[in-house]
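Colleague: Here it is: the structure, laid out below.
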């Protein structure tokens, strides 16, 4: 069926196709314009309406539980309770007792203008919320980061401090804006500004409200008496009360005051001329003397208040908070005693100290020593005072980064030598001397500057800075100066606080985990809201860095070369570092400070449980300088007392070696590479050092192997020399001199003489000394016509240094019966080896100079040159090859005679017969012998 179509559309098309051609089809319908645009607009409107409804619903949901605007809360304050670390003991209740409320009409216009220009310049134009300012704040935060600029009005600040918790949530912000709008509807601008100026926190010591601040800082009886520069200073304080405190931080305070003056001039409250004039006033010129003394725990609680305000934006004096802290009352009480001169003896009243005690595991501050003779709101030497750290920075900027990044060992060799910074400026050690090659351990222990700089340079300035930043030190960001190599030895312009240093050092004790030092763990608000303020732990370094640096700092305390041996305490494992800083040349000249005078003395030390940073010195250069032993040792003395006290009754603990570290024996460094000791290395030159696992040396040192070989060679040479010397001593020279026939005959020789042995013979006579002969081999010489009665002496010396002497006396002509030299006994002309001193005929070779008895018994007769030590005289034959002692009377110069039972000795014989003998016939004087008889040969001497 051709007329059956599937749809009306097909039928319509068919009908059109059947129409005759050329017949008009009529005008086509025009397409409606803007259909798509209208749809888009409609969709947007719909979404907007839905969003508005949702937004309004969400808004009302958020504000549904917002607190009501309560007059009593706006004008009154609720005290806050501060708890110790046990969570139960209330150590103080802080609140409204130091508030002085002042009416709007009593506040001078200059004060109102200063605060409005600084905090909310459009205060009189908005209705509680300044959307124009919010937009500007968003742009600033987008450009400079979140928190760069706030958008809260004065009205919103009043609401926030009076009704809301400090949680930074969208809901809280919406409630804040809603309540600000409600506040503006209920109260006038004047009333709101009055509330604001009476609720602001200005300084520690519970100083808040404009009237109280005016009295505290400038001693005025009324806020009406404040000048322009003073009003500007007070208007700048609420942003950061501690940072901008003119009493303790005049430099920062001056900058902040001038900023307020500029804002006042910019917004037409004062002229630029008035602003410039006010800037010329010294920020401390009109300050009142701070005389209000601190009460118990005030130093610690000041830090608590600052933390709460910084982390929560809540006002502890009026918000009715419950604040839980890390305060250890036992530790704080003892630290207070130290500061009050009850534990150590400070040198004088102006000498100052600041210290912080930190729990290593949590970072919780146990106690704070803010200074001596402090007044409320005065400078806190533990948390606000910044000084150059001296050598205490070396573990943080030098050796710590080198171990962390380069995996240095504790024994890393560094050459201590003449050196300079990269810009050519010389650097010197404190002692102005150099130690040569030393280990990193010893360099730190001796506090050498040059190895510290080399370690800093080896790691690189950027890596060193990164390491320090991880320990809570921001260096140049806070100093406002370029970061430089001088930082490596503590050359900061502004410096650090004991609070910062205690936090940094505690990470070494805590296996490399850093916990920012803090006093507050949590805060409870009146509505039940609870905020945990405990900082999160973060890894600042590898465990091997922490352990190895700790062990190096133990050497500072324990080794003989260490600079902190005074802090050693029985039963406690202590590590730490000393540090000092000097005055500038200008300060020395201005205040007449000697070269040895020191500006700051530090000791930062820790046990496994606690870290203590102690600073000592004077507040200003005009107050004094550190010079005496008592002053230079005070920081260590304080540390020792405090660490001993807080450790009593608690587990001492120990520093645990991690698996990433190994201990190895090495030779003490003599060059750039460490090596294992050899069997020849002396024990005194072997030391144990720690290494990152996998980096310990494997090569064995050959230094002492070579030296041992050389030593053996020298020993052999010495033996040879000794043997040669002994051989030379065996060469025994001999010289004889005899007179006969009017001439003296001299002969010399030597036993065991080698073929190359040479002799030199000299003669001494009445005419002087002269050399008779010189040459190899034995020989002889004849001296003709010697002078009668004269004594001639002869000496023979060999080339081996051995010598012998002999002498002979020429008889007078009247004494010569014949031409020989025989004499009677009384003439002492015998040729016995044992002559008296006139003949000087002692034989040194046999050592037998034991007496002068010429009537010895036969068993006393000995060879005159046998080298033995005899107990009697050597009489008889003087020939070296014979010992004719069989005849008792042979060779005697006198005999015993029996005359009436007595023995009569010869006239010159000092000996006597000590035994009974058969009487004999007196001896007849011997017949003059021929010159060749042995009796005429004198004794030799060598």
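In this note's numbering, the protein residues as written are 119 to 1060. The beta carbon of each residue, even a glycine, is placed where N, CA and C say it ideally should be.
Within the chosen definition, does the region 752–771 reach the region 452–462 through at least 3 CB pairs nearer than 8 Å?
Modeller: Yes, they touch.
Colleague: Which first and last residues belong to the alpha helix (DSSP H) in which residue 562 is found?
Modeller: Segment 558–564, the alpha helix (DSSP H) holding residue 562.
Colleague: Tell me whether residue 603 sits in a helix, a strand or coil according to DSSP, three-state version.
Modeller: Residue 603 falls in the helix class under three-state DSSP.
Colleague: Among 537, 540, 517, which one has its Cα closest to the Cα of residue 530?
Modeller: The option with the nearest alpha carbon to residue 530 is 517.
Colleague: State the CB to CB distance for the pair residue 868 and residue 852, rounded to an integer number of angstroms; the pair is presumed to be in contact (CB under 8 Å).
Modeller: Right, the Cβ-Cβ distance comes to about 6 Å (below 8 Å), so this counts as a contact.
Colleague: Hey, could you find the ends of the beta strand (DSSP E) residue 724 is sitting in?
Modeller: From DSSP, the beta strand (DSSP E) with residue 724 extends over 716–724.
Colleague: Can you check the region 591–662 for any alpha helix (DSSP H) of at least 4 residues that lies completely inside it and give the ranges in chain order?
Modeller: Runs found: 594–597, 616–627.
Colleague: Among 764, 767, 803, whose alpha-carbon lies nearest the alpha-carbon of residue 783?
Modeller: Selected option, being the one with the closest Cα: 803.
Colleague: Measuring alpha carbon to alpha carbon, tell me which of 719, 387, 313 ends up nearest residue 608.
Modeller: Selected option, being the one with the closest Cα: 719.
Colleague: Do you know how far the Cα of residue 418 is from the Cα of residue 768?
Modeller: The alpha-carbon atoms of residue 768 and residue 418 are separated by roughly 23 Å.
Colleague: Please classify residue 168 as buried or exposed, where buried requires at least 16 neighbouring CB atoms within 10 angstroms.
Modeller: Counting Cβ neighbours within 10 Å, residue 168 comes out exposed, since fewer than 16 surround it.
Colleague: Let me know if residue 274 comes out buried or exposed under the rule of 16 or more other beta-carbons within 10 Å of its beta-carbon.
Modeller: So residue 274 ends up on the buried side.
Colleague: Do you know offhand how far residue 999's Cα is from residue 854's?
Modeller: Any reading at residue 999 must be qualified, since the residue scores a pLDDT of 37, below 50, and its modelled position is unreliable; the value itself is stated next. The straight-line gap from Cα to Cα measures roughly 15 Å.
Colleague: Residue 328: which of 559, 356, 291, 492 sits nearest, CA to CA?
Modeller: It is 356 whose Cα lies nearest to the Cα of residue 328.
Colleague: Any chance you could list the alpha helix (DSSP H) runs of at least 4 consecutive residues sitting entirely within the region 406–492, in chain order?
Modeller: Listed in chain order, the complete alpha helix (DSSP H) runs (minimum 4 residues) inside the region 406–492 are 416–430, 447–457.
Colleague: Between the alpha carbons of residue 949 and residue 857, how many angstroms are there, rounded?
Modeller: Its pLDDT being 35, under 50, residue 949 is placed unreliably in this model, and the coordinates cannot settle the point.
Colleague: Alpha carbon to alpha carbon, what distance is there between residue 640 and residue 623?
Modeller: Straight-line Cα distance between these residues: approximately 25 Å.
Colleague: For chain B, check one thing: does any of its Cβ atoms lie closer than 7 Å to the Cβ of residue 382?
Modeller: No chain B is part of this structure, which consists of one protein chain only.
Colleague: Quick check for students: name the residue ranges of the beta strand (DSSP E) that lie wholly in the region 775–832, counting only runs of 3 or more.
Modeller: Listed in chain order, they are 779–785, 804–810.
Colleague: Is it right to say residue 621 is buried, meaning 16 or more other beta carbons lie within 10 angstroms of its own, or is it exposed?
Modeller: Residue 621 is buried by the Cβ-count criterion.
Colleague: Helix, strand or coil for residue 318 per DSSP?
Modeller: Coil, per DSSP.
Colleague: To the nearest angstrom, how far is the alpha carbon of residue 247 from that of residue 292?
Modeller: If you take the alpha carbons of residue 247 and residue 292, they lie about 11 Å apart.
Colleague: Compare the Cα-Cα distances from residue 484 to each of 330, 361, 635, 407 and report the closest residue.
Modeller: Considering only alpha carbons, the answer is 635.
Colleague: I think residue 506 touches residue 699, with their Cβ atoms under 8 Å apart; what is that distance to the nearest whole Å?
Modeller: Going by Cβ atoms, the distance from residue 506 to residue 699 rounds to 4 Å, so yes, they are a contact pair.
Colleague: Could you tell me if residue 156 is buried or exposed, where buried requires 16 or more neighbouring beta carbons within 10 angstroms of its beta carbon?
Modeller: It counts as exposed.
Colleague: What number of angstroms, rounded off, separates the C-alpha of residue 558 from the C-alpha of residue 527?
Modeller: Computed Cα separation, rounded: 8 Å.
Colleague: When the Cβ atoms of the region 639–654 are set against those of the region 668–678, are three or more pairs found closer than 8 Å?
Modeller: Touching, no, given that fewer than three Cβ pairs across the two stretches are closer than 8 Å.
Colleague: Work out the CA separation of residue 252 and residue 310 for me, nearest whole Å.
Modeller: Distance between the alpha carbons of residue 310 and residue 252: 20 Å.
Colleague: In the DSSP assignment, find the unbroken beta strand (DSSP E) run with residue 893 in it and report its ends.
Modeller: That run of the beta strand (DSSP E) goes 886–894.
Colleague: In the DSSP output, which residue or residues are listed as bridge partners for residue 531?
Modeller: DSSP output for residue 531 lists 557 as bridge partner(s).
Colleague: Expressed to the nearest angstrom, what Euclidean distance is found between the alpha-carbon atoms of residue 538 and residue 280?
Modeller: Whole-angstrom Cα-Cα distance: 60 Å.
Colleague: So what's residue 673 in DSSP terms, helix, strand or just coil?
Modeller: Looking at residue 673 - three-state DSSP - the assignment turns out to be helix.
Colleague: How should residue 315 be labelled, buried or exposed, when 16 other C-beta atoms within 10 angstroms of its C-beta is the threshold for buried?
Modeller: The residue in question, residue 315, is buried, as its Cβ has 16 or more Cβ neighbours within 10 Å.
Colleague: For residue 450, count the other beta carbons within 10 Å of its own beta carbon; 16 or more makes it buried, fewer makes it exposed. Which is it?
Modeller: Residue 450 should be labelled buried.
Colleague: How many angstroms separate the CA atom of residue 365 from the CA atom of residue 679?
Modeller: Roughly 42 Å between the two C-alpha positions.
Colleague: Grouping DSSP H, G and I as helix and E and B as strand, with all else coil, what is residue 701?
Modeller: If DSSP states are grouped into helix, strand and coil, residue 701 belongs with coil.
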